[in-house]
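Numbering (the working numbering), first residue to last: 70 to 183.
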Amino acid sequence: CAIGSGPGRAQARVEKLFEELPYADKADRVTIVLESGSPPPPEVVAKVADKSGVDPKNAAFIYAPTQSLAGSVQVVGRVLEVALHKAHEAHFPLENIVDGIATAPLSPPQPDFV
């Protein structure tokens, strides 16, 4: 099972988090970034498209294993998202957050993926 991120999540709204947030995307196309070394199987593409309300041909998937440079950058790039999620879970009023910045170490890629 791959972890997915990207704007397609806000359109599909299948996570419990979206029951609590008054935010949704609406578009004819969706994009999901997967922490995976291979493309998603057709049944996953169909499920994401269905939950997002788009035709499967309009669901784009970007995938990269976490041990690759692209994959590790994608993981590190979500450090601020994780902090905001923690603030939400602690019931901190997110509307009081007006700006954010975060840093995290970027590990070198595993040699097989350079």
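All residues carry an ideal CB built from backbone N, CA and C; glycine is no exception. These figures come from a predicted structure and were not determined experimentally.
Coil, strand or helix - residue i by DSSP
i, result
"ALA171", "coil"
"GLY146", "coil"
"GLU88", "helix"
"PRO125", "helix"
Proximity winner among the options, relative to residue i (alpha-carbon distances)
i, options, result
"ALA133", "SER107, ASP124, GLU88", "SER107"
"VAL142", "LYS155, PRO174, PRO111, ASP168", "PRO174"
"GLY140", "SER105, GLY77, LYS95", "SER105"
"VAL167", "GLN179, PRO180, LEU153", "LEU153"
"LEU86", "THR100, PHE161, HIS157", "HIS157"
"TYR92", "VAL83, GLU112, ALA79", "ALA79"
Extent of the continuous beta strand (DSSP E) run through residue i
i, result
"PHE130", "128-133"
"GLU112", "From DSSP, GLU112 is part of no beta strand (DSSP E) but of the alpha helix (DSSP H) over 111-121."
N- and C-terminal bounds of the alpha helix (DSSP H) containing residue i
i, result
"GLU77", "Before going on, a small fix: residue 77 reads as Gly here, not Glu. 77-81 is the extent of the alpha helix (DSSP H) around GLY77."
Beta-ladder partner(s) of residue i, from DSSP
i, result
"ILE101", "PHE130"
"GLY73", "LEU103"
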